[in-house]
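Engineer: Numbering (my numbering), first residue to last: -12 to 91. Shown below is the structure under consideration.
Encoded structure:
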């Protein structure tokens, strides 16, 4: 297990998200309240960056066609998306937000 720091705690305000790079993979990092979540940044319905969409509670909406995903599970919760998006475990430690690069 090789944890990689992708952000600092507090870098995102609650309700914000951003794209982060982990090796070759682009991930979307979300902050909901005091919790952090990560998914693949690419929408499974169309080529669009989820981190450029909108985040309401635990639901991210793709900016291209409005597909929605639960950032906790990756489940597609609104058409036209029906294929889940990959999720990644997030660890908060030493003031940082970390993701295991073995998962990517």
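We treat Cβ as the ideally placed atom computed from N, Cα and C, and that holds for glycine.
Taking only three categories from DSSP, how would you classify residue 89?
Structural biologist: Helix at residue 89.
Engineer: In whole angstroms, what is the alpha-carbon distance linking residue 77 and residue 52?
Structural biologist: Those two C-alpha atoms are separated by around 27 angstroms.
Engineer: Should residue 34 go down as buried or exposed, given a rule of 16 or more other Cβ atoms within 10 Å for buried?
Structural biologist: Classification of residue 34: exposed, given that the 10 Å Cβ count is below 16.
Engineer: Would DSSP call residue 42 helix, strand or coil?
Structural biologist: Residue 42 falls in the strand class under three-state DSSP.
Engineer: How big is the Cα-Cα spacing for residue -10 and residue 60?
Structural biologist: Between residue -10 and residue 60, the C-alpha separation is close to 20 angstroms.
Engineer: Which residue marks the beginning of the beta strand (DSSP E) containing residue -10, and which one marks its end?
Structural biologist: Note, residue -10: beta strand (DSSP E), -10 to -5.
Engineer: Nearest-angstrom Cα distance between residue 97 and residue 89?
Structural biologist: For the chain, the structure presents residues -12 to 91; residue 97 sits outside this window and is missing.
Engineer: In this structure, how does DSSP classify residue 37 when only helix, strand and coil are distinguished?
Structural biologist: Three-state result, residue 37: helix.
Engineer: Are the Cβ atoms of residue -4 and residue 84 separated by less than 8 angstroms?
Structural biologist: For residue -4 and residue 84, yes; Cβs fall inside 8 angstroms.
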